[in-house]
Every structure is written in C-alpha cells, then in structure tokens.
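For the sequence shown, the UniProt record's numbering assigns the number 1 to the initial residue and increments by one for each residue that follows. Backbone N, C-alpha and C fix where the C-beta goes; we use that ideal spot for every residue, glycine too.
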Amino acid sequence: MEGTSTPFFYRHGPKNVLLVVLSLLCLPLSLTLTAIALLVGGRQSSQRSTDAAVRGRRKTILVTGVSMTKGLTIARLLAQHTSHRVIAADTETVPYTSPGRYSRAIAKFFAIETPVNNKKGHYVQTLLGILRSEKVNLWISCSSVTDAIEDGEVMKTAQEMLGSSFQAVQFERDVVAKLHEKDLLMDYIRDLGLVIPESHRCTSVGQVEQLLGLSTRDGSGGGGEKRFILKPIGVDDKARAQMMTLLPLVHGGPAATSSYLKSLAISPERPFQLQQFINGPEYCTHSLVVRGRVKAFVSCPSSDLLMHYQALPPTATLNQKMLQFTQRVCEHEGETFSGHLSFDFLVDGTGEDATLYPIECNPRAHTAVVLFRDSPAMAHAYLSVFDEDGDPPKSSTVSTPAAPVDDYYWIGHDLVTFLLSPVLALLCGAGSFSAVHKGLKTFGSHLLYWRDGTFAIWDPLPFLVLYHVYWPIRFGQSLFSGQQWSRINVSTTKMFEC
Numbered sequence: 001m002e003g004t005s006t007p008f009f010y011r012h013g014p015k016n017v018l019l020v021v022l023s024l025l026c027l028p029l030s031l032t033l034t035a036i037a038l039l040v041g042g043r044q045s046s047q048r049s050t051d052a053a054v055r056g057r058r059k060t061i062l063v064t065g066v067s068m069t070k071g072l073t074i075a076r077l078l079a080q081h082t083s084h085r086v087i088a089a090d091t092e093t094v095p096y097t098s099p100g101r102y103s104r105a106i107a108k109f110f111a112i113e114t115p116v117n118n119k120k121g122h123y124v125q126t127l128l129g130i131l132r133s134e135k136v137n138l139w140i141s142c143s144s145v146t147d148a149i150e151d152g153e154v155m156k157t158a159q160e161m162l163g164s165s166f167q168a169v170q171f172e173r174d175v176v177a178k179l180h181e182k183d184l185l186m187d188y189i190r191d192l193g194l195v196i197p198e199s200h201r202c203t204s205v206g207q208v209e210q211l212l213g214l215s216t217r218d219g220s221g222g223g224g225e226k227r228f229i230l231k232p233i234g235v236d237d238k239a240r241a242q243m244m245t246l247l248p249l250v251h252g253g254p255a256a257t258s259s260y261l262k263s264l265a266i267s268p269e270r271p272f273q274l275q276q277f278i279n280g281p282e283y284c285t286h287s288l289v290v291r292g293r294v295k296a297f298v299s300c301p302s303s304d305l306l307m308h309y310q311a312l313p314p315t316a317t318l319n320q321k322m323l324q325f326t327q328r329v330c331e332h333e334g335e336t337f338s339g340h341l342s343f344d345f346l347v348d349g350t351g352e353d354a355t356l357y358p359i360e361c362n363p364r365a366h367t368a369v370v371l372f373r374d375s376p377a378m379a380h381a382y383l384s385v386f387d388e389d390g391d392p393p394k395s396s397t398v399s400t401p402a403a404p405v406d407d408y409y410w411i412g413h414d415l416v417t418f419l420l421s422p423v424l425a426l427l428c429g430a431g432s433f434s435a436v437h438k439g440l441k442t443f444g445s446h447l448l449y450w451r452d453g454t455f456a457i458w459d460p461l462p463f464l465v466l467y468h469v470y471w472p473i474r475f476g477q478s479l480f481s482g483q484q485w486s487r488i489n490v491s492t493t494k495m496f497e498c
C-alpha cells in the first residue's frame, strides 16, 4: 500500500498517468516499427510444412489464451510449421483489446467472458459451443490461473460430446485441482515417494503458532534452525506479496510473529500453506505431456515475477533431474494424462548431489514455452496427440528448444524497470547515478542481444496492441475505478491488485 514515504511515481494516480503517457510517447516509434515489419516480414507468415498433407486432411486447432505470450507462441509455432487451420479464443474485458486476436497466425478469433462468479457456467458453455461449431480436432488450452479448473471441466465434457475426432492438451478438472492446490500437491508428491519440503495446511493462526513453536511455555519461538514461509493456498494477490516473509520473525519475538499472522486473516475459507524455507536457487519448468509421456521439456532459472527467460542446457544435471521428476509424475498418471505441466523447484546443493524440492505446480502452459519459439519439433510434438491410442510412440525423444536458444525479455517491462524508474528515483532524490548506470547497462544489453517475447517481424500487430491498446486501457480503468495494483506481468497481461 502507498505511504507518505512512497516516491510520487509509485503512487496510484501518477504511475497510471505516467504509463499512459509513456505509451503515447512511444507510439510513433512502435507504428514505424510495425509498418516496416508489415512490409518486409509478410513472407515469413506463409512458410508452412507439408506435414499435414502426409497425415491426412487439414485439421482445425483451437488455441485459447492467445493474449498471453504462451498462447501466442504456441499459435505461431503451429501456423508456421504445420498446414493446419489455427483458430483462437480468449477473454476480453473490453472488446477488441486482446493482443492475440490480431495475430497473423490466427484464422479466426472468438471473444469469451472471464469465468468469474456467476459467469463460470457461461464460460464453459461458450467454449463448448466454439469446439462444436468449428469442428475442432485439437484444443490446446493455455489457461490463466483463474480459469484452469473450468478448462478441465470443458475438456471432459468436450470429449464426451465430440468423441474420438476430438483431442485436447488439457488435464481433467480433478487432475488440475490436485496439482494446482499447494497442499494437495505436497500430499500427492509425498505419496509418489519423492522428496518435498516440510509442509502444513493451516486454517487458523493457532495452528501456525503451534507449528512454529510459539505456544511453548518459554515463548522462545521454537522451530530450531528451520525457517518457514507462509503462502495462500488459493489465488490471493495481496497475500502473495508477503510470501517470502521468513517465520518466526527474527525481530520482536513471538509477539511480533503472532501479530503478523493475525494480519493475514487465516481461516478455513482462506487456508494457508506453511512450508519449510529452502535457501537455494529457484527453477521452473515447462513440459508438453501426451498420454503420460513427456514430449517437450525446458527448464530455466526462476523468480517471484519472472520476466527474463534463459534456458538451461538440455544436458545440464539440474535439467535432467527436473525432467526425470516430471517423467515420474507423468508415468504414474498414465495414458489419460495429456496437457501442459510446469513445476517450480528450490534446489539445495549442486551437481549430482543437488536435491530438488518441488514447491508449486502449474498444470497449464508456462511462459517458458517462449524458449521453443524457433523449434519446429515443438509444433510436431503437439500433433502426436493424433497418433492412435495403443500405438507405440513414433519417437521417445523429448523435444528441447532448438540450439542456439535466445534469451527473452519484454521491452515494456525492462523500459520501466531498468530505465524509467531509476531515472525518476534519481530526480526525486531517492536514487543514485550508479543505479541509473546499472539499469541502462542491463536494458541496453537486453535490447541488443536478447529477443522480445511478444514481437515477431512477420507478426507485429500483437506487440502494437499490447503496449498501445491493451495496457493503456487497463491503466485508465485502474485510474478511474480507484482499483490499486502493485505490479504487472506484461507477458501474461496480469495486474496484481493491492
């Protein structure tokens, strides 16, 4: 929340106005870049493989979530490297603002309502209607965190409704729930005989206090050398900002820790996960799973708000360990297990002695799929869903990003984080020349040597709409509604509310 010591450009009104002004100032440059791309990049969009001619008739593939980089990347891969018809659907709070609807990769776009509150049933029925009316052969779901459960419901109903002519890269609702919910995930992984950090589901402050040893007679706080973090089991943007608070608190003793816990409003309706803190680097993965087999896999260093992607080498020991962990889960689930699977790990130790601690699972596509952007094999991995059930796999090889793999960033995020914010902080007397220099150096390096996750020379309109239509409208809505936000994820178009 804002305070009197918060620099003015971080406060609700000024930051929204400044970001809209920044979009307007950059518009001429973006328009020029888009015009050049449309003139010189058109031919690339027509490069298709003849794979569909070999397999049979042209199929219709629906990709949902194309306003996010992950969905857009998958749609582009299929459009460039197969001859199938790619259509798309996504939620729009304001009509015609979805960046993905303007992609050259997409033959047809459908707008659907966000599945919140009483609109969840409408969302499911709308999506089912699209699958039926467009005679979709393959649905590739790129769910956001808010609609993953509903997509699981759609998948099961669609299979019953459309029969064997329909395939989906989407887990069933029950599978999504047990992998997505942090407490159920820990139970599941433990039952597989795999290592997990010490974890406890808590529905009251008293439970947390007892587990931390705050209820001991001496009031010492207990817990030995172990430290813990407390994170919401459900989606909770406000509590998420405090997830890395180490417990028990070092300063203030048990009283301060108890006071902090009471501020979180822990209850049976708002449960939290108390989890052992592992002091090691964090990594994330993205995998495509078809009938219990990992068809594509990548891993990369992670962070709380991941906006920079650098793939680990496929032969790296850590990458192999994370792949083996993922394969163990997929093998356990068997032939009915098809979808996107992403794990977050904390790592203790190095090399062969490293221990992986799974901390979260996203049973949906991860933005790390952008690392497959130049990998035709990834597009063909999706088509393996059309192999007949019971047939031996055509290849047991796990697809990895085509080498050399570029590093990815989002210019809008870096422009504000590494350039605009340090400069404004310096002008306000809250920054330093060294911070400006460091930010400028990082921004310049990314601009020269990395690739933007959204921009493609053969498909530039999603980039233009993202920065000059979608986000300015979101900032305007925030400004006039008074709804405050703490940060945004440019790649997933998510705004984290305060």
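In this structure, residue 409 keeps its C-beta atom at 7 Å or more from the C-beta atom of residue 286.
Counting along the chain, no alpha helix (DSSP H) covers residue 202; the unbroken beta strand (DSSP E) around it starts and ends at 199–202.
Of all alpha-carbon atoms in 63, 8, 92 and 58, the one lying nearest the alpha-carbon of residue 466 is that of 92.
Straight across, the Cα-Cα distance linking residue 279 with residue 255 is about 25 Å.
The three-state reading of DSSP puts residue 94 in coil, since its state is none of H, G, I, E or B. At the C-beta level, residue 459 and residue 103 come within 7 Å of one another. A distance below 6 Å between beta-carbons, with the five flanking residues on each side excluded, links residue 461 to the following residues of its chain, in chain order: 102. DSSP, read as helix, strand or coil, puts residue 353 in helix.
Residue 179 is positioned such that its CB atom lies closer than 7 Å to that of residue 361.
Residue range 461–465 is occupied by the alpha helix (DSSP H) that includes residue 462. Within the DSSP bridge table, the entry for residue 285 names 299 as partners.
Excluding its 5 nearest sequence neighbours in each direction, residue 450 has C-beta neighbours in its own chain below 6 Å: 407 and 409, listed in chain order. Just measuring C-alpha positions, the residue of 346, 28, 13 and 418 sitting nearest residue 434 is 418. Between residue 60 and residue 135, the CB-CB gap stays under 7 Å. As summarised for the stretch 303–379, the continuous alpha helix (DSSP H) elements at least 4 residues long and confined to that stretch are 317–333, given in chain order.
Here residue 182 carries a helix assignment [DSSP, helix/strand/coil]. In this structure the stretch 306–322 does not lie against the stretch 157–168, because fewer than three pairs of beta carbons, one per stretch, are closer than 8 Å. Counting along the chain, the unbroken alpha helix (DSSP H) around residue 133 starts and ends at 120–133. Between the stretch 60–72 and the stretch 32–42 there are fewer than three inter-stretch CB-CB distances shorter than 8 Å, so the stretches are not counted as touching.
In the DSSP assignment, the residues bridged to residue 452 are 409.
For residue 100 and residue 482, the gap between their C-alpha atoms comes out near 27 Å.
In the DSSP assignment, the residues bridged to residue 167 are 138. Ranked by how close their Cα comes to the Cα of residue 57, the residues 473, 31, 78 and 85 have 85 in first place. By the neighbour-count definition (other C-beta atoms within 10 Å, threshold 16), residue 190 is an exposed residue. For the options 244, 144, 292 and 273, the alpha carbon positioned closest to that of residue 208 is the one of 273.
C-alpha of residue 9 to C-alpha of residue 244: approximately 25 Å in a straight line. Judged by their CB atoms, residue 115 and residue 428 are not nearer to each other than the 7 Å cut-off. Non-local beta-carbon contacts of residue 79 in its own chain, meaning distances under 7 Å to residues more than five positions away in sequence, involve 86 and 105 in chain order.
DSSP places residue 21 in the uninterrupted alpha helix (DSSP H) bounded by 12–40. In the DSSP assignment, residue 497 falls within the beta strand (DSSP E) that extends over 494–497. No Cβ-Cβ contact shorter than 7 Å links residue 342 with residue 380. In the structure shown, residue 403 adopts coil according to DSSP, grouped into three states.
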